[in-house]
Amino acid sequence: MQTILVTGGAGFIGSNFVRHLLERTDARVTVLDKLTYAGNLASLDGLDPARLEFVRGDVCDAGLVDTLVARADAVVHFAAESHNDNSLEDPRPFVDTNILGTFTLIEAVRRHGTRYHHISTDEVYGDLALEDPARFTEEAPYAPSSPYSATKAGSDLLVRAWVRSFGLLATISNCSNNYGPHQHVEKFIPRQITNVLDGVRPRVYGEGRNVRDWIHAADHSSAVWAILRGGRIGETYLIGADGERSNLDVVRGILGIMGQPSDAYDLVADRPGHDLRYAIDPTKLRTELGWAPEYPDFAAGLEDTVRWYRDNEPWWRPQKEATEARYGARAG
């Protein structure tokens, strides 16, 4: 796989994967990104221009997608609308990008016989009870609870159907919540960090008891590369790093790292359909492909992430005002 097409490669998780490829492999990379508010070309700064091509465009543009797929050895599809709050406000972009965009890609992949890997989320499985010891596995039934997770579930099912009906050379991965550098400030961890940097108390939905299973974006990248190289066609792999934490624990961790009192946060009204708990069982990935996380210590990874946002204000500052304005409008 000498040339890899990465959709959404200027976004948070996609740009981390592009960095992984260019820093740890010999592959050439073509990034296709629409550069919506969540995409940022600065996330690709410093990468080798001789091995990186950037194309601004939409995954729903069938002509452009076909041209790019035709000259790629593999496609990794990160591009997605992914913010739950935004999906509750306006679901249409989620249908367009997550479902129609995936359809456009897999049709091009089918025509050209190209290897395809589909990036999905643990949110397609719905949620688990807070006290339930169970974790999601590859066999868990889909039970999405938001427009975002429903459209991701729909895209997964398209890929599965194309594998069975047309022999699509595809794998799927469902990953737990990512954190790390280059994440948009609308997301939970960077929003709390940047609020504290701005002297604003973090805000936590409900009672803060909701649990997420956190993984560093660099570990997500290495897992995807392992699946792309060694995963069995038609299979789904769950990517996780045993990082379950309640939202309140995460906020208190951020406050402690940043020298603030552990109770310096505010609880706000919960959002509709807020899932209680996500938890990933990555046994299949670890045993079948021999993958293991390089960042298993969430506390250390969180400290590194806080440091990155402290040191890279020029990257996130232009996003901050618009993000807080959107949250303020919802609250009002």
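In this text, residue positions in the sequence shown follow numbering that gives the first Met the number 0: the first is 0, and each later residue adds one.
Where is the CB? At the ideal position from N, CA and C, for every residue including glycine.
This structure is a prediction, so every number in the text was calculated from the model and none was measured.
Checklist entry - Using DSSP with H/G/I as helix, E/B as strand and the rest coil, what is I232? => result Note: I232 maps to coil in three-state DSSP.
Checklist entry - Measuring CB to CB, does I279 end up less than 8 Å from S175? => result Yes; because the gap between Cβ atoms is below 8 Å, this pair is in contact.
Item to check | Cβ pair V203, V75 closer than 8 Å | outcome: No, they are not a contact pair.
Item to check | Local Cβ density within 10 Å of E80, reported as buried at 16 or more and exposed below that | outcome: A residue is called buried once 16 or more other Cβ atoms fall within 10 Å of its Cβ, and E80 is buried on that count.
Checklist entry - For T304, which of helix, strand or coil comes out of DSSP? => result Reduced to three states, the DSSP call for T304 is helix.
Next on the checklist: So within the region 160-226, which uninterrupted beta strand (DSSP E) runs reach at least 3 residues, ignoring any that extend past its ends?
Outcome noted: Here the runs fully enclosed are 169-174, 176-178, 202-204 and 210-215.
Checklist entry - Taking only runs of the beta strand (DSSP E) that begin and end inside the region 4-39, which ones reach a length of at least 3 residues, in chain order? => result Unbroken beta strand (DSSP E) runs of no fewer than 3 residues, entirely contained in the region 4-39, are found at 27-32, following chain order.
Checklist entry - Considering A107, what are the terminal residues of the alpha helix (DSSP H) in which it resides? => result It spans G100 to H111 - the alpha helix (DSSP H) in which A107 sits, taken as one unbroken run.
Checklist entry - What is the DSSP secondary structure of A61, counted as helix, strand or coil? => result If DSSP states are grouped into helix, strand and coil, A61 belongs with the helices.
Checklist entry - Roughly how many angstroms lie between the CA atoms of K283 and G125, to the nearest whole one? => result Using only the alpha carbons, I get a separation of about 20 Å.
Item to check | Sequence-distant residues of its chain with Cβ nearer than 8 Å to F135 (five each side left out) | outcome: Cβ neighbours of F135 beyond the five flanking positions: D121, Y124, L127, N173, L237, Y277, A278, I279 and D280.
Checklist entry - Touching or not, the region 289-308 and the region 176-190, by the rule of three or more beta carbon pairs under 8 Å? => result Flag = yes, the region 289-308 and the region 176-190 touch.
Item to check | Per-residue DSSP class, three states only, for F297 | outcome: In the structure shown, the three-state DSSP call for F297 is helix.
Item to check | Residue environment, T66, which counts as buried when at least 16 other CB atoms sit within 10 Å | outcome: So T66 counts as exposed.
Next on the checklist: So, with DSSP's three-state summary, where would you put R329?
Outcome noted: R329 falls in the helix class under three-state DSSP.
Checklist entry - Bridge partners of I238, per DSSP? => result Bridge partners of I238: C174.
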